[in-house]
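Note that the protein sequences, when read in sequence, are chains A and D. Quick note: the first sequence, position 91, residue 91 per the working numbering, numbers continuous. Quick note: the second sequence, position 712, residue 952 per the working numbering, numbers continuous. This report concerns only the one structure given below.
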Amino acid sequence: MPLLQIDEVSVRFGGLLAVDMTSFDVEEGLITGLIGPNGAGKTTLFNVITGLQRPSTGRVRLDGRDITNMKPHRRARMGIARTFQRLEVFGSLTARENVLVASEKRHGAFGPAAGRSADEMLARVGIDSVANEQVDQLPTGTARLVELARALATSPRVLLLDEPSSGLDGDETEAMGRLLTSLAADGLGVLLVEHDVAFVMGTCAHLNVLDFGRIIARGTPEHIQSNTAVQHAYLGTGGA
Amino acid sequence: MNRAQNFAIALSAQLALRLGIEWLAGHNLGEGIGDLWFSALFAIPLSVWYATQENPDTRRNILVYATTIQLVIGVVDEAWAGRDLTVESVTRLIVFALPLAGIYAISASGLVVVYTTTGIFNFAQGAMGMFLAFVYWELRVNRDLPTWIALPLVVLILAPMLGVGLDRLIMRHLQGRPLVVQLMVTVGLMLGFLGLSATIWPQNTGRSMPELFGTDGFEIADVTVTWHRLTTLVTALVLAVVLRYLLFHTRTGVAMRAVVDNRSLAGLNGARPEVLSGTAWALGTSMAALAGILIAPENFAAEVLTLIILNAFAAAIIGRLRSLPLTYLGALILALAVVFSRTFLSLGQRWGQAPLAIPTIVLFIALLLLPQAGLRFARINAKRPRERVSTVRDAVIGAVALFVVMFVVSDFLSATNTNRMITGMVTGLIAISLVPLTGWAGQVNLAPVTFAAFGAIAYVKWGGDEGMWWAPLLAAAFAAPIGVLTALPAARLQGLYLALASMAFASMAQYVIFSQPTLLSTSSSSAQRLDVFGYSFHEGRPFLMLCTGVLGMMMIFVVTLRRSAFGRRLVALRDSEAASATVGVNVFLTKVIVFTLSAAMAGFAGAFFAQARGTISAQDAEFTMLAGIPVVLTLVVGGVAFAAGALFAGIFTVLLAIIVATYDISWLAALTTLAPGLAALGIISNPGGAVGEIGRAFAPLLPWRKDAREIQAAEKAADAEPEVGELGITRPFTREDIMYVEKQLGVVDDLIPNGRGATLAFAPD
Chain A
1 MPLLQIDEVS VRFGGLLAVD MTSFDVEEGL ITGLIGPNGA GKTTLFNVIT GLQRPSTGRV
61 RLDGRDITNM KPHRRARMGI ARTFQRLEVF GSLTARENVL VASEKRHGAF GPAAGRSADE
121 MLARVGIDSV ANEQVDQLPT GTARLVELAR ALATSPRVLL LDEPSSGLDG DETEAMGRLL
181 TSLAADGLGV LLVEHDVAFV MGTCAHLNVL DFGRIIARGT PEHIQSNTAV QHAYLGTGGA
Chain D
241 MNRAQNFAIA LSAQLALRLG IEWLAGHNLG EGIGDLWFSA LFAIPLSVWY ATQENPDTRR
301 NILVYATTIQ LVIGVVDEAW AGRDLTVESV TRLIVFALPL AGIYAISASG LVVVYTTTGI
361 FNFAQGAMGM FLAFVYWELR VNRDLPTWIA LPLVVLILAP MLGVGLDRLI MRHLQGRPLV
421 VQLMVTVGLM LGFLGLSATI WPQNTGRSMP ELFGTDGFEI ADVTVTWHRL TTLVTALVLA
481 VVLRYLLFHT RTGVAMRAVV DNRSLAGLNG ARPEVLSGTA WALGTSMAAL AGILIAPENF
541 AAEVLTLIIL NAFAAAIIGR LRSLPLTYLG ALILALAVVF SRTFLSLGQR WGQAPLAIPT
601 IVLFIALLLL PQAGLRFARI NAKRPRERVS TVRDAVIGAV ALFVVMFVVS DFLSATNTNR
661 MITGMVTGLI AISLVPLTGW AGQVNLAPVT FAAFGAIAYV KWGGDEGMWW APLLAAAFAA
721 PIGVLTALPA ARLQGLYLAL ASMAFASMAQ YVIFSQPTLL STSSSSAQRL DVFGYSFHEG
781 RPFLMLCTGV LGMMMIFVVT LRRSAFGRRL VALRDSEAAS ATVGVNVFLT KVIVFTLSAA
841 MAGFAGAFFA QARGTISAQD AEFTMLAGIP VVLTLVVGGV AFAAGALFAG IFTVLLAIIV
901 ATYDISWLAA LTTLAPGLAA LGIISNPGGA VGEIGRAFAP LLPWRKDARE IQAAEKAADA
961 EPEVGELGIT RPFTREDIMY VEKQLGVVDD LIPNGRGATL AFAPD
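Right, here's the structure in full:
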């Protein structure tokens, strides 16, 4: 059984169908990519999966259990973690405190476990040197890593990443790719929304292409690269 | 089975509520059961409806309807004055209610227009109307100008000028500021206008506002309809038509509505936000003035006119702060309820002031019916100064220093000044209850003094009459569940509604709860000062030292709390509710818990308030809703996120009291109202509050604060670096820089959900 199942989900904002009967799975130990042009509905899907947006129709299942009507914090405790495309850090806290808020929910506020796990996550994403800086003062790329460390500190089973490489330079992006691969190797299911095509092709085992709220193609990166529908979606049907 | 259970629970809850009302009305159980059949007529179908619904939102709404219906049935049945429903009495009801509805609607529409266009909820709407009504009185009565000059002059010229001026000087700078700042500035304005009018027009001289066109009128079914009432009603209707036309058929109006939906897109389409917000404020202020002038003949008193706003709040919330037709409907419901209770109900001594609480009760019901809001995302252009969180060691040093200084100072204080200082320390104790709630979690409670009042009542009832050492703890325990009840209806909504709920609760407590003989006898009850393990704190100086010590301990407690997991969680909640939820924080529960903690801390402070006064009675002026607001404002001015901010609030209060007493000048009499109101405007430029600034300036001077010196040096170095324009090319872009660019480009707004709407404005790459 897939770890996370998105089953015929639609989201309607007034007259606009942002997500249209979309289904796909996220498997344990694999990085699944979700790509598509701006406004294809990727972030909306993330919000549906994490419970910030109620779908108009369709179900979301974790381990086969229907979580469609569950509150966001309950889903987080069941193992769904995410980062945001537009930063949602706790800006007035330090990087370490950001991660602590998450690890204290996971390990309890008392005893050393939460602090130890927070330090471990900061080190794992490579920002332990700025642990005591206030996050508002950090560059955007670093703040993104704070979000990632915070998400990891909830000990998730599924990790949803919304454009993790934006704001990172080339070396950092490469390090991010290695990190994601190692996370997947630990058994985590990763769902990745990304615009950096090279990054996506290099890290994902499986890709879903979303356009106007619909999945227009799915498969391995090689398969997707040769798909004409995808080229149309990205480059426009009329011109190229 | 499940449905049968739900049915049984819903039905018995409704009947229990009805029996409760019977009990409050002084009936015995037999009489109560005899009266139940009529309630059951409504309760049974509602329970069936409840039991057959699946959607939790629908079920909650059904429960709210059912409660409201039982409440109305119960109150009407018990309090019926025995007056017959005749053509005359019903006509009278309508003739009185419709113009009143018109006034509420005018005021509420002003509120809605400003809120939808600028995102600012104007707590000062009533006070501005009051102030302009006084200006009108000055021109019309004192200067004897004819109505046809005075009225247009105030409503069409002075009011819009005031509105545009406020927009220019104050409101425009509130865009994108934290909610606490936005709310506190308009609450401060409310107090400022009250103080200003009390300064210009001293309250003790009798004034009356003439009705438009005298007392003439015509008769319908033996009821005189004055021209004033007719004009009021017609004005409200004309205004509705004009607003409708303006918002749907003029360029500016359409843009104003567009701004609400999406501020940045409206900007891209060529609308000029500053013109729109100026227009909205001009309109809103005109409407405030109109409402104030029209209602003033009924009761020309500054406070009464200011509090008309509670009716407007209720009507506007029924309109969900968006819909003008629903706002008008809300105004009508309110006016009917108010006039109905005056005409047909006789409430007796005990419930005599209850009709004054009608707007707040309606407000509560409207809050309960609001749909669940989405979780708040971070504000993109929030700008936070670099702040160091105090260590527990700092707090201990501070508390000890405070104690020592106070010990020395108190030796020189006269008995009067000792009492003032005691008041200051107690104010600090009340204020510190808001630090976790408002300072960290970003939730506003305008009623800390009301919770303190519950603590004071608990103190005099249980143990405080003998000065038992555990009585303050009991007072805290008594106030806590009351906090839960206040927070529950609003905690699932966004911050503004919690502020409104707390304000409504304060006014409800003032009019309905404190006058209950089971809580307080009308004669005053005495509060003995504490005896702790044989040592008595009865005298002035020992009691002052006790209060100082307790405040110091609360400061240490608060600082410790901030450094705990709970404290971090609260700050996280303020910075991003959405992110808090996705790491597993239960946002609703956390809000309720911190509100409860705050209520308990205020209740604890209330025990000391009672001791400071010595007696407590239902009539204490300190327990009114308006009297509690300066405490909140001075705390915010001091620094709402800091324990030291509470100390600042206390000392500010003492200084004001001393200034007013020392310089016996009549125009200063309103200073205790005016000063906190005006000081609140200072938080626009300095949202962190005074203590933050003071700390930044003085911490580097302390020998043990090496870190503060390092930060100062780093900031100096950063200032000295060459920069190009506003963006430093010599350092990496920080989030603030990016926010700045985005703001300059005018493309980012926290209202846009990311997605197609945002993207279409920019060509996809």
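Every residue, glycine too, gets a C-beta built ideally from N, C-alpha and C.
- Is D:G524 closer than 8 Å to D:G403 when the C-beta atoms are compared? Within the second sequence, the letter at position 163 stands for residue 403 of chain D. Within the second sequence, the letter at position 284 stands for residue 524 of chain D. In this structure, D:G403 places its C-beta atom within 8 Å of the C-beta atom of D:G524.
- Message: If you follow the alpha helix (DSSP H) that D:E328 is in, where does it begin and where does it stop?
- Response: Numbered from 1 along the second sequence, position 88 holds the residue referred to as residue 328 of chain D. Counting along the chain, the alpha helix (DSSP H) containing D:E328 begins and ends at 327-358.
- Query: Is there a Cβ from chain D that is less than 8 Å from the Cβ of A:T220?
  - Reply: Sequence index remark: in the first sequence, residue 220 of chain A carries index 220 (1-based). For A:T220, the closest Cβ of chain D is not nearer than 8 Å.
- Message: Given a cut-off of 8 Å on the beta-carbon distance, is the pair A:L191 and A:V19 in contact?
- Response: Counting from one through the first sequence, the residue named residue 191 of chain A turns up at place 191. Counting from one through the first sequence, the residue named residue 19 of chain A turns up at place 19. Their beta carbons are not under 8 Å apart, which means A:L191 does not touch A:V19 by this criterion.
- Task: Identify each residue in the segment 45-58 of chain A for which the Cβ-Cβ distance to at least one residue of chain D is less than 7 Å, and report them in chain order.
- Result: Residues passing the 7 Å Cβ filter: T50, L52.
- Query: Could you give the residue range of the beta strand (DSSP E) that holds A:E97?
  - Reply: To locate residue 97 of chain A, count along the first sequence from 1; it is residue 97. It is not in any beta strand (DSSP E) - A:E97 instead sits in the alpha helix (DSSP H) that spans 95-107.
- Query: Expressed to the nearest angstrom, what Euclidean distance is found between the alpha-carbon atoms of D:A547 and A:T50?
  - Reply: Sequence index remark: in the second sequence, residue 547 of chain D carries index 307 (1-based). Sequence index remark: in the first sequence, residue 50 of chain A carries index 50 (1-based). For the record, residue 547 of chain D in the displayed sequence is Leu; it is not Ala. Approximately 43 Å, taken between the alpha carbons.
- Query: Between D:S650 and D:M661, is the Cβ-Cβ spacing less than 8 Å?
  - Reply: The residue given as residue 650 of chain D occupies position 410 in the second sequence. The residue given as residue 661 of chain D occupies position 421 in the second sequence. Here D:S650 is near D:M661, since their CB atoms are less than 8 Å apart.
- Message: Using 8 Å as the threshold, is the C-beta distance between D:T471 and D:I343 below it?
- Response: Start at 1 with the first residue of the second sequence, and residue 471 of chain D comes out as number 231. Start at 1 with the first residue of the second sequence, and residue 343 of chain D comes out as number 103. Going by C-beta atoms, D:T471 is not nearer than 8 Å to D:I343.
- Ignore the nearest five residues each way along the sequence and tell me which others in D:S563's own chain have a CB closer than 7 Å to its CB. Taking the second sequence and counting its residues from 1, the one referred to as residue 563 of chain D is at position 323. Around D:S563: no qualifying Cβ.
- Item | Interface residues of the segment 818-844 of chain D facing chain A [CB-CB below 8 Å] | Residues passing the 8 Å Cβ filter: A818, A819, S820, A821, T822, V823, G824, V825, N826, V827.
- So, helix, strand or coil for A:V209, using DSSP? Translated into positions along the first sequence, residue 209 of chain A becomes position 209. The answer is strand: DSSP assigns A:V209 an E or B state.
- Query: Once you ignore the five residues that flank D:E1011 on each side, which residues in its own chain have a CB closer than 6 Å to its CB?
  - Reply: Only positions 241 to 1005 of chain D appear in the structure, and residue 1011 of chain D is not among them; the question remains open.
- Query: So, is the C-beta of A:A149 closer than 8 Å to a C-beta in chain D?
  - Reply: Position 149 of the first sequence holds residue 149 of chain A. Output row for A:A149: interface = no.
- Specify whether the segment 599-611 of chain D and the segment 724-738 of chain D touch according to this definition: at least 3 beta carbon pairs, one from each stretch, less than 8 Å apart. The segment 599-611 of chain D is in contact with the segment 724-738 of chain D.
- Cβ atoms of A:E174 and A:T83: under 8 Å apart, would you say? Within the first sequence, the letter at position 83 stands for residue 83 of chain A. Within the first sequence, the letter at position 174 stands for residue 174 of chain A. No, Cβ-Cβ distance for A:T83 and A:E174 is not below 8 Å.
- Query: Within this structure, are the beta carbons of D:G824 and A:K105 separated by less than 8 Å?
  - Reply: Translated into positions along the second sequence, residue 824 of chain D becomes position 584. Translated into positions along the first sequence, residue 105 of chain A becomes position 105. In contact: D:G824 and A:K105 (Cβ atoms closer than 8 Å).
- Query: Should D:A373 and D:T913 be called a contact, given that it needs their Cβ atoms to be closer than 8 Å?
  - Reply: On the second sequence, position 133 is the one that residue 373 of chain D refers to. On the second sequence, position 673 is the one that residue 913 of chain D refers to. Not closer than 8 Å, so no.
- Message: Please tell me whether D:I969 has its Cβ less than 8 Å away from any Cβ of chain A.
- Response: Taking the first residue of the second sequence as position 1, residue 969 of chain D is located at position 729. With a pLDDT of 43 at D:I969, under the threshold of 50, the modelled position of this residue cannot be trusted; read the value that follows with caution. Cβ-Cβ to chain A under 8 Å: no for D:I969.
- Note down the Cα distance separating D:R497 from D:T356, rounded to an integer number of angstroms. Here residue 497 of chain D refers to the residue found at position 257 when the second sequence is read from its first residue. Here residue 356 of chain D refers to the residue found at position 116 when the second sequence is read from its first residue. D:R497 and D:T356: Cα-Cα distance of roughly 7 Å.
- Is the Cβ-Cβ distance between A:S56 and A:R12 less than 8 Å? Your numbering for residue 56 of chain A matches position 56 in the first sequence. Your numbering for residue 12 of chain A matches position 12 in the first sequence. Contact: yes.
- Item | Cβ-based neighbour list, D:V354, same chain, cut-off 7 Å, excluding 5 preceding and 5 following | Indexing the second sequence from 1 puts residue 354 of chain D at position 114. So the qualifying residues of the chain are I360, N362, A520, W521, G524.
- Query: Counting contacts by CB-CB distance shorter than 8 Å, is D:R808 in contact with chain A?
  - Reply: Numbered from its first residue, the second sequence carries residue 808 of chain D at position 568. By this cut-off, D:R808 is an interface position.
- Taking a Cβ distance cut-off of 8 Å, strictly less, list which residues of the segment 85-108 of chain A are near chain D, in chain order. Cβ contacts with chain D: Q85, R86, L87, E88, V89, F90, G91, S92, L93, E97, N98, L100, V101, A102, E104, K105, R106.
- Taking 8 Å as the CB-CB limit, is A:H73 close to chain D? Working through the first sequence from its first residue, we reach residue 73 of chain A at position 73. So, interface residue.
- Message: Please classify A:D186 as buried or exposed, where buried requires at least 16 other C-beta atoms within 10 Å of its C-beta.
- Response: The residue you call residue 186 of chain A lines up with position 186 of the first sequence. Counting Cβ neighbours within 10 Å, A:D186 comes out exposed, since fewer than 16 surround it.
- Task: Would you kindly work out how many angstroms separate the C-alpha atoms of D:Q245 and D:W277, rounded to a whole number?
- Result: For the purposes of this step, residue 245 of chain D is taken as residue 5 along the second sequence, with counting starting at 1. For the purposes of this step, residue 277 of chain D is taken as residue 37 along the second sequence, with counting starting at 1. Cα-Cα distance, rounded: 21 Å.
- Item | Reference D:Y699, options D:T631, D:Q768, D:A655, closest by Cα | As a first step, residue 699 of chain D is located in the second sequence; it is residue number 459 there, counting from the start. It is D:Q768.
- Since A:A76 meets chain D, which of its residues come closer than 9 Å, beta carbon to beta carbon? In the first sequence, the residue the question calls residue 76 of chain A occupies position 76. Going along chain D in sequence order, the residues near A:A76 (Cβ under 9 Å) are A821, T822, V823, G824, V825.
- Proximal chain E residues relative to D:L615, where beta-carbon distance stays under 8 Å: Here the protein chains are A and D, and chain E is not one of them.
- Boundaries (first-last residue) of the alpha helix (DSSP H) holding D:T678: Here residue 678 of chain D corresponds to residue number 438 of the second sequence, with the count starting at 1. D:T678: not part of any alpha helix (DSSP H); DSSP gives it neither H nor E.
- Pick from A:A143, A:E222, A:R124 that is closest to A:E133, judged by C-alpha positions: The residue you call residue 133 of chain A lines up with position 133 of the first sequence. Comparing Cα positions, the closest option is A:A143.
- Task: Given a cut-off of 8 Å, decide if D:T490 and D:A348 are closer than it, judged by their beta-carbon atoms.
- Result: For the purposes of this step, residue 348 of chain D is taken as residue 108 along the second sequence, with counting starting at 1. For the purposes of this step, residue 490 of chain D is taken as residue 250 along the second sequence, with counting starting at 1. The answer is no: Cβ separation not under 8 Å.
- Message: Here's the rule I'm using: 16 or more other beta-carbon atoms within 10 Å means buried, otherwise exposed. How should D:Q851 be labelled?
- Response: Here residue 851 of chain D is taken as the residue at index 611 of the second sequence, counted from 1. With 16 or more Cβ atoms within 10 Å of its Cβ, D:Q851 is classed as buried.
- Task: Report the option in A:V230, A:R218, A:T154, A:Q231 whose CA atom is closest to the CA atom of A:G79.
- Result: Against the first sequence, residue 79 of chain A aligns to sequence position 79. When only C-alpha atoms are compared, the closest one is A:T154.
- Starting from A:S10, follow the beta strand (DSSP E) in both directions and report where the run begins and ends. Numbered from 1 along the first sequence, position 10 holds the residue referred to as residue 10 of chain A. Segment 4-13, the beta strand (DSSP E) holding A:S10.
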